[in-house]
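Residue numbering for the sequence shown follows the working numbering, beginning at 83 and increasing consecutively.
No residue lacks a Cβ here, since even glycine has one placed at the ideal position from N, Cα and C.
Keep in mind it's a predicted model, so treat the numbers as computed, not measured.
Just below is one structure, and these are the notes that go with it.
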Amino acid sequence: MAVPRTYHVVTLGCPKNDVDSEHLERLLSGGELLPVEDPYDADAVIVNTCGFIEQSQEQSYQAVDELARDKRDGQKLIVAGCLTQLYAGELRARAPGVDHVFGVGQWHDVARLLSVDVDAIYDIPESTPHLDGPSAYLKISDGCDAPCTFCVIPKIKGGLRSAPAGMLIKEAQRLSGAGARELVLVAQDTTAWGEDLGQGFAAGLPGLLEMLSEAVGPDVWLRLMYAYPSRVTPELAETMARLPNVLHYLDVPLQHGAHSTLRRMKRPANVERVMKNIETMRDAMPDLVLRTSFITGFPGETEAEFQELMDFATAIRFDHVGVFTYSRQQWTGADDLAGHLPDEVKHARRDRLMELQAGIARERASRFVGHDLEMLVEGAGEDEDGNPVIAGRTYREAPEVDGLVFAAGHAEPGSRVPVRIEASGDYDLFGTVLAQPVR
Ligand code: SF4
Numbered sequence: 083m084a085v086p087r088t089y090h091v092v093t094l095g096c097p098k099n100d101v102d103s104e105h106l107e108r109l110l111s112g113g114e115l116l117p118v119e120d121p122y123d124a125d126a127v128i129v130n131t132c133g134f135i136e137q138s139q140e141q142s143y144q145a146v147d148e149l150a151r152d153k154r155d156g157q158k159l160i161v162a163g164c165l166t167q168l169y170a171g172e173l174r175a176r177a178p179g180v181d182h183v184f185g186v187g188q189w190h191d192v193a194r195l196l197s198v199d200v201d202a203i204y205d206i207p208e209s210t211p212h213l214d215g216p217s218a219y220l221k222i223s224d225g226c227d228a229p230c231t232f233c234v235i236p237k238i239k240g241g242l243r244s245a246p247a248g249m250l251i252k253e254a255q256r257l258s259g260a261g262a263r264e265l266v267l268v269a270q271d272t273t274a275w276g277e278d279l280g281q282g283f284a285a286g287l288p289g290l291l292e293m294l295s296e297a298v299g300p301d302v303w304l305r306l307m308y309a310y311p312s313r314v315t316p317e318l319a320e321t322m323a324r325l326p327n328v329l330h331y332l333d334v335p336l337q338h339g340a341h342s343t344l345r346r347m348k349r350p351a352n353v354e355r356v357m358k359n360i361e362t363m364r365d366a367m368p369d370l371v372l373r374t375s376f377i378t379g380f381p382g383e384t385e386a387e388f389q390e391l392m393d394f395a396t397a398i399r400f401d402h403v404g405v406f407t408y409s410r411q412q413w414t415g416a417d418d419l420a421g422h423l424p425d426e427v428k429h430a431r432r433d434r435l436m437e438l439q440a441g442i443a444r445e446r447a448s449r450f451v452g453h454d455l456e457m458l459v460e461g462a463g464e465d466e467d468g469n470p471v472i473a474g475r476t477y478r479e480a481p482e483v484d485g486l487v488f489a490a491g492h493a494e495p496g497s498r499v500p501v502r503i504e505a506s507g508d509y510d511l512f513g514t515v516l517a518q519p520v521r
C-alpha cells in the first residue's frame, strides 16, 4: 500500500481504551502521520474495540460494519483491542472490508504496519498530549489476576502488569504540563498496583499516590477509580486523607451485597468486612464520596439474595451507583453456572435497584447544599437570559460517569473556582461562583 499520511482513530469502551488510543496516536504522530477529523479522509482508520459485555461487543461490531461500508478506495481499515482479542474470526466473517486485525496491546504492530519506525521514536514522552478538557486518564496497570466469574477481562488482557512508578511519574508530569488539572487513575484494579513489581503490598498504591502527589503538586487533583473491595485498607484511607491533592472520592465496584452471590462471583464475600472497610474510609474522610457498581440477575440470584443487595445499598448509602444486568460471557466461570435468569428478571431487578438508589443519590446530593466547593470548570456559556454560567465538576463527580455542577458566574474552562452550592437535583448540583477561595 502507499505510505499512509493521515489516520483516524475510533475508540470504543472504557477510559482504559482512551489511554491506549492516545498511546497509539502518539506513536503515529511520532511517525509523522496526521490525524484527520473525518474517517473518510483518512488513509488509515483504526478502531480500538471493546469486548467487555455483549452490549459493548455489539456496539463495536456495528461501528466496524459502518466504517467498512463507508470505506473509500485505498483506505485501510484496521481493527484492534478487546473484541478482536476474543472474536477475530467472527469479526472478519461479519465485516469482510476489514484489512487487518490485531489483539490488545499490539499498538506498536499497528504503527509498524503504517510504516512508523517505532524503535526510532520509542522515547516519545515529551510529545504534547491532546487533552479534551481539564482532565486526563492515567492508566497505572493493565490486566488482572482476580478470579471474578462474570468477567472476561483476564482472558482478554492477561494477568496484572503494573506500569513502573518512574514511567507513571513522567507521564503524570507530561499530562499536567500540558494543562491537565485532574488525573484520573484507572486500571482493571487500581489497588493491585505494584503487586507484580515485587514491591511489598504496603508500598503499593499508597506509595504510588505519595509519589504522584509530589510529582504533580497541589494544583492537580488525583482521583482514584476501580478499587478492589478487600484492598481498601486503613493505610490507603490514611494516605488519601493526608495528601492534599488526592480527592476524597473512591470508586469501589462491589458487584453485589449478598454473601452467597458474591461467593458464586468469586468476589470478596465477607460483607461485614466490606462494610467495615467503608466505615474506615469514612472515618478517615467524613466528606468521602463513594461510587460503586452492581450486577443484577447473576446466575442463581434468588429474590432473597436480591433483597440482600437492596438492603446493603440502603445501609451503605452510596453517592453514585452504576447498575448493570448480568451479561453471559463465553470463557467465564459464570457461563457454566446453573440458574441463568431470564432477561425480564434481570431488568426488573435493575430497575428496582435504580429506583431505590435514585432516592439515596438525591439525599446524598442534598447534603452539599449550603457548602462551598472547588469546581473544575469544563465549559462556560450563558443561560437563557444571557447571564454567564459555567459547568464543571467538584471532587464529588468523576468525569463521564457522575453528574455535573452548574454555577452562575464566569470562569475560564480549565480553571478551578470556588462555588457555593445552592440546590441539588437527582445527579447534578447548582450554585454560584464565589469571589473568595474555598477555605
Ligand atoms: S477485578 Fe475487575 S477486571 Fe479483574 S476479574 Fe474482577 S471484575 Fe474483572
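Ligand 1 heavy atom lying under 7 Å from the CB of residue i
{"i": "A228", "result": "yes"}
{"i": "D271", "result": "yes"}
{"i": "I235", "result": "yes"}
{"i": "Y310", "result": "yes"}
Cα-Cα separation between residue i and residue j, rounded to whole angstroms
{"i": "Y169", "j": "A126", "result": "22 Å"}
{"i": "D102", "j": "D467", "result": "42 Å"}
{"i": "Q412", "j": "V234", "result": "8 Å"}
{"i": "I398", "j": "L372", "result": "9 Å"}
{"i": "L250", "j": "K153", "result": "38 Å"}
{"i": "L94", "j": "S244", "result": "23 Å"}
{"i": "N99", "j": "R364", "result": "31 Å"}
{"i": "A285", "j": "S223", "result": "15 Å"}
{"i": "G215", "j": "T88", "result": "24 Å"}
{"i": "R349", "j": "Y310", "result": "9 Å"}
{"i": "I238", "j": "Q144", "result": "20 Å"}
{"i": "L435", "j": "E136", "result": "22 Å"}
{"i": "G225", "j": "Q389", "result": "33 Å"}
{"i": "G339", "j": "V353", "result": "7 Å"}
{"i": "V451", "j": "E114", "result": "51 Å"}
{"i": "S506", "j": "Y122", "result": "43 Å"}
{"i": "R263", "j": "G187", "result": "28 Å"}
{"i": "F283", "j": "G261", "result": "Its pLDDT being 48, under 50, F283 is placed unreliably in this model, and the value from its coordinates should be taken loosely. When rounded, the distance between both Cα atoms is 32 Å."}
{"i": "D401", "j": "V91", "result": "34 Å"}
{"i": "D433", "j": "A274", "result": "32 Å"}
CA nearest to the CA of residue i, picked from the options
{"i": "G299", "options": "S258, E320 and Y310", "result": "S258"}
{"i": "W484", "options": "G463, R446 and E390", "result": "Trp is not the amino acid found at residue 484; the sequence shown has Asp there. Among G463, R446 and E390, the Cα nearest to that of D484 belongs to R446."}
{"i": "D155", "options": "D147, G187 and A124", "result": "A124"}
{"i": "A493", "options": "A473, G507 and R502", "result": "A473"}
{"i": "S497", "options": "M293, T476 and A285", "result": "T476"}
{"i": "T407", "options": "E114, V186, C96 and F232", "result": "F232"}
{"i": "R523", "options": "I360, L294 and R346", "result": "Beyond the ends of the chain as shown, which are 83 and 521, falls residue 523; an answer cannot be given."}
{"i": "P368", "options": "D278, A145 and R449", "result": "R449"}
{"i": "D465", "options": "V91, F512 and E317", "result": "F512"}
{"i": "L110", "options": "N327, W189 and G463", "result": "W189"}
{"i": "D37", "options": "P470, A462, A443 and V499", "result": "A question about residue 37 goes unanswered here, because the residues of the chain that appear run from 83 up to 521."}
{"i": "V314", "options": "V353, K428, I360 and P326", "result": "I360"}
{"i": "E479", "options": "L344, L423, D333 and Q167", "result": "D333"}
{"i": "A248", "options": "D120, I503, G289 and Q518", "result": "Rather than Ala, the amino acid found at residue 248 in this sequence is Gly. With distances taken between Cα atoms, G248 lies closest to G289."}
{"i": "V161", "options": "H90, T131 and P178", "result": "T131"}
{"i": "L106", "options": "I128, S409 and N469", "result": "I128"}
{"i": "G179", "options": "G187, G163 and D147", "result": "D147"}
{"i": "L267", "options": "K221, L287, V200 and C96", "result": "K221"}
Chain-order list of residues whose beta-carbon lies under 8 Å from that of residue i (same chain, five-residue window excluded)
{"i": "L438", "result": "M392, A395 and T396"}
{"i": "N327", "result": "S295, V298, G299, P300, D301, V302, W303 and L304"}
{"i": "G461", "result": "I472, A473, G474 and P495"}
{"i": "T514", "result": "A489, A490, G491, V501, R502 and E504"}
{"i": "A366", "result": "P316, A319, E320, M322 and A323"}
Nonlocal neighbours in the same chain, by C-beta distance under 6 Å from residue i, ignoring five residues either side
{"i": "D227", "result": "G241 and L242"}
{"i": "G421", "result": "P381 and G382"}
{"i": "L329", "result": "W303, R305 and Y477"}
{"i": "G403", "result": "This sequence places Val at residue 403; Gly is not what is there. Cβ within range, chain order: T374 and Q439."}
{"i": "Q270", "result": "C226 and I235"}
{"i": "L196", "result": "P86 and A126"}
Contacting residues, own chain, Cβ-Cβ under 7 Å from residue i (five flanking each side not counted)
{"i": "P207", "result": "Because the pLDDT at P207 is just 45, under 50, the model does not fix this residue reliably, and the value given afterwards should be weighed accordingly. For P207, where only same-chain residues beyond five positions count, the Cβ hits under 7 Å are K252, E253 and R256."}
{"i": "P229", "result": "K348"}
{"i": "H453", "result": "I503"}
{"i": "D417", "result": "R410 and Q411"}
{"i": "D278", "result": "L242, R243 and S244"}
{"i": "Y219", "result": "P97, D100, V101, V266 and V268"}
{"i": "N469", "result": "A490"}
Residue-level contact to chain B via CB, residue i, 8 Å cutoff
{"i": "P178", "result": "Within the model displayed, chain B is absent; a lone protein chain is all it includes."}
query = Could you give the uninterrupted runs of the beta strand (DSSP E) lying entirely in the region 280-315, keeping only those of 3 residues or more?
reply = 303-306
request  = Within the region 344-395, note down every full beta strand (DSSP E) run reaching 3 residues or more, in order along the chain.
outcome  = 371-378
request  = Please specify which runs of the alpha helix (DSSP H), each continuous and at least 4 residues long, are wholly inside the region 197-263, giving them in chain order.
outcome  = 235-239 and 247-259
ask   = In chain order, which beta strand (DSSP E) runs of at least 3 residues are fully inside the region 454-488?
value = 454-464 and 470-475
ask   = Can you give, in chain order, each stretch of the beta strand (DSSP E) that sits fully within the region 108-173 and has at least 3 residues?
value = 126-131 and 158-163
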